[in-house]
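Just so you know, the protein sequences line up as chains A and B, in that order.
Residue numbering for the first sequence follows my numbering, starting at 516 and increasing by one per position.
Residue numbering for the second sequence follows my numbering, starting at 20 and increasing by one per position.
Cβ coordinates follow ideal geometry from the N, Cα and C atoms, glycine included.
Being a predicted model, the structure only gives us computed values, none of them experimental.
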Amino acid sequence: MLIPLVNVVPSALTKDPNSHVKDTTAAWFLFSSQRLFSDRWKPMEVTQVLLNAQSIDGAVRKNAEESLKQFQEQNLPGFLLVLSGELVNEEKPVETRKLAGLILKNALDAKDQQRKVELVQRWLLLDGNAKSQIKAGLLKTLTSPVSDARSTASQVIAKVAGIELPHKQWPELIGSLLSNVHQLPAHAKQATLETLGYLCEEVSPDVIDQDQVNKILTAVVQGMSSSEVNIDVRLAATRALYNALGFAQANFSNDMERDYLMRVVCEATQSPDVRIRQAAFECLVSISSTYYEKLAPYIQDIFNITAKAVREDEEPVALQAVEFWSSICDEEIDILEEYGGDFTGDSNIPCFYFIKQAIPALVPMLLETLLKQEEDQDQDEGAWNIAMAGGTCLGLVARTVGDDIVPLVVPFIEENITKPDWRQREAATYAFGSILEGPSPEKLIPLVNVALTFMLTALTKDPNSHVKDTTAWTLGRIFEFLHGSAVDTPIITQANCQQIITVLLQSMKDTPNVAEKACGALYFLAQGYEEVGPSSPLTPFFQEIVQSLLTVTHREDARESRLRTAAYETLNEVVRCSTEETAPLVLQLVPVITMELHNTLEGQKLSSDEKEKQSELQGLLCGCLQVIIQKLGSSESTKYAFMQYADQIMGLFLKVFACRSATVHEEAMLAIGALAYATGPDFAKYMPEFYKYLEMGLQNFEEYQVCAVTVGVVGDICRALEEKIVPYCDGIMTQLLKNLSSNQLHRSVKPPMFSCFGDIALAVGEYFEKYLMWAMSALQSAAELSTHTAGDDELIEYINTLRNGILEAYSGIFQGFKNSPKTQLLIPYAPHILQFLDGIYMEKDMDDVVMKTAIGVLGDLADTLGSHAASLIQQSVSSKDFLNECLSSEDLMIKESAEWAKLAITRAISV
Amino acid sequence: MADDSLASHRRDPIKSSVGNVAAQRRRQNAATVGKERRESLVRAKRLCRVGATGEGDVLVEENHMMTDEEGFLLEDQTSSAVKELKSAVVYQGKGAMQKRVNALRELRRLLSKSEFPPVEAALKAGAIPLLVQCLSFGSPDEQLLEAAWCLTNIAAGKPEETKALLPALPLLIAHLGEKSSLPVAEQCAWALGNVAGEGEELRKVLLSQGALPPLARMVLPNKGSTVRTAAWALSNLIKGPDPKAATELIKVDGVLDAILRHLRKSDEELATEVAWVVVYLSALSNFATGVLVKSDALQPLVERLATSNSLQLLIPVLRSLGNLVAGDSHTTSTVLIPGHEITDGVIKVLVKCLKSDHRVLKKEASWVLSNIAAGSIEHKQLIYSSEAVPLLLRLLSTAPFDIRKEVAYVLGNLCVAPATGEGKPDLIKENLVSLVQRGCLSGFIDLVRSADIEAARLGLQFTELVLRGMPNGDGPKLVEQEDGIDAMERYQFHENEDLRNMANGLVDKYFGEDYGVNE
């Protein structure tokens, strides 16, 4: 009996040799950019380098920029110190001081949010000594006799304050700015006030305590007061107040202080200096939107001031006076809209109906401005004058008060519409056109019925082009707001349809600006028939309309007044809103437009100007093809007929890309998206050639719209190709991930890029595994950033689109992996995703779109992971509340998603 | 820049041209269309499952039908993919290369599509000769990669399907060489790994064709999926039972260093594959075991066991450790000397494994302990005084049978002194008494009742120790209390002579006619 037995390898466990079925190829690579180091740049040369950086010689400039960049990268504190030293140095040339300040400023702030965050972090981590020195230099520069240096320093100080004050750093700044402001010489006082103004622009009100706000406002108001003799100081103070208004919440709630502030502002509107008057009116405009609810006691006085300015003051001032009322309209339109949506009144701000009360005087004042047209304003795209502003304001007033405006304007129209002076006829027409949105159709239609014939006649017969232009525009407004399936009594009938079309087509032969407006009218005419049913009243005229529009596109002067664009866009709308009856005619358009596009490619050598023209025309033609393809692709029978042209068209699109050497044509890209949808999996045959342009589009950071459109097209192609997209996924995913990590890309492109992850995952299913880790980590960090919103409405809106993109990606990935053996790969990501859903639910600021997508993701998670998800969902903080809230939503889409999610969750839990 | 912020308010004029708005709207429309299509696609996918809900049975049935249908479809697609490949291979015109690659890719896609790749259909359609042709020297990488990938997935099929790869083996091995690109080499290694995993016969073929040296060289670099794949393939290739390959492998220049390096520094996935190589090296080749022990391979293994929580990694590492302990007495006698840091480390990680939830870890840790417990008195005392004993005692009463058996070896070895020659080993009385007091006897008696000969023998051997060694002649009483007599009497007519004699002998000796007379 021997017990000590040594037993060797147990046989129970051997490795299954055949378990490796591989389904991925190359590994995923990370990118790193390499940077070359070169000799360190010597600070002594700073002035010369800064001068060189402004040289007209491109090579010298580039060299200088390069060395600046290197210095910055190698020794940031040293670099910034040297720059501030340059800025403060009175012996240096003004241009290098300015540039030094500008570079300093750019090292503190950037447009791109992510880049900005980086810069802020970098500054915060910078050596404290260096920062103190820089700040001391900046403050010193404020007293410089050189105005450009002062002004630059003001802005840099504000940027530094924007970073430091929220972190409770530089607490002495405001005190030291204000400490001796009274004793300063005028130029330094002006710089100090300017700095305060920028500072208020940079930092948010909650980081400055009320005591300091009071001090700032006191200094500013004193600078504005008549006791201040220096005009520049008063101007700087008035402009500073403009920025400081947002800080004055408490002061505006205090009657005495508010009265005082309002008095100072109103006094400034009477200043002898036009710049101060303008700045003061700008303050009033800002007050009108920030403190709307506090305005009641002053509105009468303000009306008097503005009325006087509109009638008598110089145009820049008068424009701001009109703007005050436009801005009040904006406020009241918003408030009334909220009332309309929900009578219980979510809004804390009541409507004071200032406009309604003011119209008896306000409308005549605005009507007066309409008579002050400039001679050629219709030919000048950038024109902006008191007549245009007045008409624009009148339009807003009409939207604010609705029917009430009509009796106030009609006499003016009747009085002037037949006058021999073109200004009166034009003003009358313009007034009519302006009030067509707002009042009820019942109120307007009788007027329109009377006016229509008159207008059609004016459009053909009036001797003045300006009148005809406004007449055509007014017809467009009539069709836009009073024609279509939503309006009960049609203004266009069998009786007048023919005449309207004849006149519009006739007018397309008029001067370019008139023809452009006629196209616009036709555009809205066609749009009104969008949902007309199987038969459209436009059908009998279809051929003729198309022919006329094509003729317009060939006019010699078609580039003036953007006529050609209008003609093509109108053609597009006519096609888009056409019915089955005219499908054969739309099909006939294909070879026509294709030929046009082909002709633009018959290129000889072109000058850069001609090249631009050619590219513009190609864009319009591609846009047209996009609409045609979309139209024909939407029904099986026409799609089939269209397919005979697909190869040829795709060939042309590729040539359009090829003839631009570096960039991709946005419109061609968009058209290819439509083509991919129409061709389906067959699109694969174009991919080998098309792919490089797709990649180029994704790489186009500068023209971010191109990038955005391309991202959308990737989605279209994914849906068309499904798993045939696989060979291109590596490249596409590489580019997407690269883009997402970039600081340079416009933020608006990021949400669709996330959605695009979803599109790819839906198309390729479990093949997405190889990108999963990267995609998920990109999504996760974006999710963390977008859980909380803090900021203005615009930011909240952006954050919501971002959330939606992220959620669409999750949905796509879950649904893509569903029923595959690899679903368990997703399990580790589930907790974070649920946390994200919890987070955004608790923030309570999702819009309906996000809500729908989010509840869908909850369902997808349960659907794909099944029992693995059950306990996680049950543990999550708010899934249940969220689901219940969605189930009882009034939005049908949310409800539908929620019901589905509920089903999926029930199933997961019951397993 | 300064004046931007003070730029006057300027709104868009009410009278504007239609072009801007229209183009904007058209783009928005295109984006909306895309969004709608995405949504409808997601909805369709979501509903795809909802349609199949209802009773569980129905669900299963439907899935089955779908799979069948899909299966037929897949086979169909596969034969036509092979046909396509055939025409691509003979085609010599413009774009021939792309054509071949596309055809290969399609076939590969089909072969990786489902859990049951349509290998049979591919073979029937004659894929192998075509794939071999696609592997010819000088072919572009993409083509090589796709072809090797197809072969990989074919090799993952049933045994006879794997065997079909025979004609491809020389070329697959050839592409392992330094001249190949990494992805190609890796793919070939993968295919060969699948072949080697199939069985001894194919391993022999591969070894005779020289697959080992190039694969071995592929594990030398520091990291990368290629190294991992090669290590995995090697572990399959040296599986034996002939130990020659294992011995040959450890002799390849640099391999020993690479193994130690990977064990020490590589990521867990790579370390896992390398640990499997060590498992087979140490299981098969005494030479390799010796080399590994002398090169201090124990240290990294212990570290991995201490730091990792990956079961995939822990299993082969623990197995390797066990083999090194079991395979070479040198290990226990000169490396794992009680008092050395490494020895404490080993005990500690084994305790960790005993505590784990996973039965394989518990079982193998017990096995390793049993071999250490077979060492010197000092070894026994070291284990005896460690945290392991309470765990082992609990396992002996509660764990599944196979673990109990390993545990029994440990506990048994703790109670006997190293063998000194003929005859029964000496008892370590203190250990025996204490373990019995802590209730281990019933566990051993349970083993006596087991149908497993080895376990029964263990049980009887321990019973003998108790009967012989408990002070004051308490042994028989204790055995009787645990129904030991009944358990032994079952062997009265047992077919295994050895056991029968042992059991009968014990009953006769301790429970003979005199038993109980004194009471």
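Between B/Ser-469 and chain A, is there a C-beta pair that is closer than 9 Å?
Not one chain A Cβ lies under 9 Å of B/Ser-469.
Report all residues from its chain with a CB closer than 8 Å to the CB of A/Asn-729; omit the five preceding and five following residues, and keep chain order.
Answer for A/Asn-729: Asn-766, listed in chain order.
Contact criterion: CB-CB distance below 9 Å. Does A/Leu-1277 meet it with respect to chain B?
Interface annotation, A/Leu-1277: in contact with chain B, CB-CB separation under 9 Å.
When you check each C-beta in the segment 1390-1416 of chain A against every C-beta of chain B, which residues fall closer than 7 Å?
Listed in sequence order: Trp-1415.
Would you mind sorting A/Ala-1419 into buried or exposed? The rule is 16 or more other CB atoms within 10 Å of its CB.
Counting Cβ neighbours within 10 Å, A/Ala-1419 comes out buried, since at least 16 surround it.
A/Asp-1087 touches chain B at which residues, Cβ-Cβ below 8 Å?
The question names Asp, yet the displayed sequence has Asn at residue 1087 of chain A. The contacting residues are Ala-41, Arg-45.
Do A/Thr-753 and A/Ala-811 have their C-beta atoms within less than 9 Å of each other?
No, the Cβ-Cβ distance between A/Thr-753 and A/Ala-811 is not below 9 Å.
CA nearest to the CA of B/Gln-162, picked from B/Ala-392, B/Leu-126, B/Asp-445:
Out of B/Ala-392, B/Leu-126, B/Asp-445, B/Leu-126 has the C-alpha closest to the C-alpha of B/Gln-162.
Using the Cα positions of B/Asp-527 and B/Ala-392, report the straight-line distance between them to the nearest angstrom.
Looking at the two C-alpha atoms, the distance is approximately 31 Å.
Does the CB of A/Gly-906 have a neighbour CB from chain B at under 9 Å?
Cβ-Cβ to chain B under 9 Å: yes for A/Gly-906.
Going along chain B, which residues have a C-beta under 9 Å from A/Thr-1080?
Residues of chain B passing the Cβ test: Ser-36, Val-37, Gly-38, Asn-39, Ala-41, Ala-42.
Selected residue, minimal CA-CA separation from A/His-1383, among A/Lys-1359, A/Gly-1371, A/Tyr-1344:
Checked all of A/Lys-1359, A/Gly-1371, A/Tyr-1344; the closest Cα to A/His-1383 is A/Tyr-1344.
Identify which residue in A/Leu-623, A/Val-603, A/Val-1364, A/Asp-1072 has its Cα closest to the Cα of A/Thr-562.
Nearest neighbour of A/Thr-562 by Cα position, chosen from A/Leu-623, A/Val-603, A/Val-1364, A/Asp-1072, turns out to be A/Val-603.
Is A/Glu-679 near the ligand HEM, judged by its Cβ being under 8 Å from some heavy atom?
Although the ligand HEM was asked about, the structure shown includes no ligands whatsoever.
Going by alpha carbons, who is nearest to B/Lys-448 out of B/Pro-490, B/Arg-519, B/Ala-115?
Nearest option by C-alpha distance: B/Pro-490.
Can A/Ala-913 and A/Thr-884 be called in contact, C-beta distance under 9 Å?
With respect to the 9 Å criterion, A/Ala-913 and A/Thr-884 are not classified as neighbours on the basis of their beta carbons.
If we ignore side chains and look at the alpha-carbon of each, how far apart do A/Ser-1391 and A/Gln-1350 end up?
Going by the C-alpha atoms only, they are around 7 Å apart.
Exposed or buried, what is A/Ile-571 when buried is set at 16 or more other beta-carbons lying within 10 Å of its beta-carbon?
Label assigned to A/Ile-571: exposed.
Could you check how far apart the C-beta atoms of A/Gly-906 and A/Ser-949 are, in whole angstroms? I think they sit under 8 Å.
With 8 Å as the limit, A/Gly-906 and A/Ser-949 qualify as a contact, their Cβ atoms being about 5 Å apart.
Mind checking A/Phe-969: buried by the 16 CB within 10 Å criterion, or exposed?
The residue in question, A/Phe-969, is exposed, as its Cβ has fewer than 16 Cβ neighbours within 10 Å.
Give a yes or no on whether 9 Å exceeds the smallest Cβ distance from B/Val-540 to chain A.
In this structure chain B extends from 20 to 538, so residue 540 of chain B is not present and cannot be described.
Which residue or residues does DSSP assign as beta-bridge partners of B/Val-435?
Note: B/Val-435 sits in a beta bridge opposite B/Leu-446.
Enumerated in chain order, which unbroken segments of the alpha helix (DSSP H) with a length of 4 residues or greater are wholly contained in the segment 576-620 of chain A?
Scanning the segment 576-620 of chain A for uninterrupted alpha helix (DSSP H) segments of 4 residues or longer gives 591-603, listed from N- to C-terminal end.
Applying the 10 Å Cβ sphere with the 16-neighbour rule, what's the burial state of A/Leu-640?
It counts as exposed.
Determine, for A/Gly-1188, whether the minimum Cβ-Cβ distance to residues of chain B falls below 9 Å.
Cβ-Cβ to chain B under 9 Å: yes for A/Gly-1188.
If you reduce the DSSP assignment to three classes, tell me which class B/His-377 lands in.
Of the three classes helix, strand and coil, the one that applies to B/His-377 here is coil, per DSSP.
Contiguous beta strand (DSSP E) assignments of at least 3 residues, all confined to the segment 800-872 of chain A
Counting only runs of 3+ residues, no beta strand (DSSP E) is found wholly inside the segment 800-872 of chain A.
Just checking, does the segment 417-428 of chain B make contact with the segment 451-458 of chain B on the three C-beta pairs under 8 Å criterion?
Cβ pair count under 8 Å is below three, so no.
Are A/Ala-668 and A/Leu-657 close, meaning C-beta to C-beta below 9 Å?
Yes, Cβ-Cβ distance for A/Ala-668 and A/Leu-657 is below 9 Å.
Starting from the C-beta of A/Ser-801, find all residues in its chain whose C-beta is less than 7 Å away, skip the five residues before and the five after it, and write them out in chain order.
The answer, listed in chain order, is Tyr-757, Leu-760.
With a cut-off of 8 Å on the beta carbons, I'd call B/Ala-208 and B/Ala-249 a contact; round off their distance for me.
Confirmed, about 5 Å.
Tell me which residues share the same chain as A/Leu-750 and place their Cβ nearer than 6 Å to its Cβ, disregarding the 5 neighbours each side in the sequence.
So the list reads Arg-790, Ile-791, once near-sequence residues are dropped.
List the residues of chain B whose Cβ lies closer than 9 Å to the Cβ of A/Gln-1141, in chain order.
Under the 9 Å cutoff, chain B gives Arg-45, Ala-49.
Out of A/Leu-881, A/Val-632, A/Asp-845, A/Gln-764, state which residue places its alpha-carbon closest to the alpha-carbon of A/Lys-818.
A small correction: the amino acid at residue 818 of chain A is Phe; Lys does not occupy that position in the sequence shown. Selected option, being the one with the closest Cα: A/Leu-881.
With H, G and I counted as helix, E and B as strand and the rest as coil, what does DSSP make of A/Leu-699?
Note: A/Leu-699 maps to coil in three-state DSSP.
Rounded straight-line distance, which links the Cα of A/Arg-637 to that of A/Phe-1039:
If you take the alpha carbons of A/Phe-1039 and A/Arg-637, they lie about 53 Å apart.
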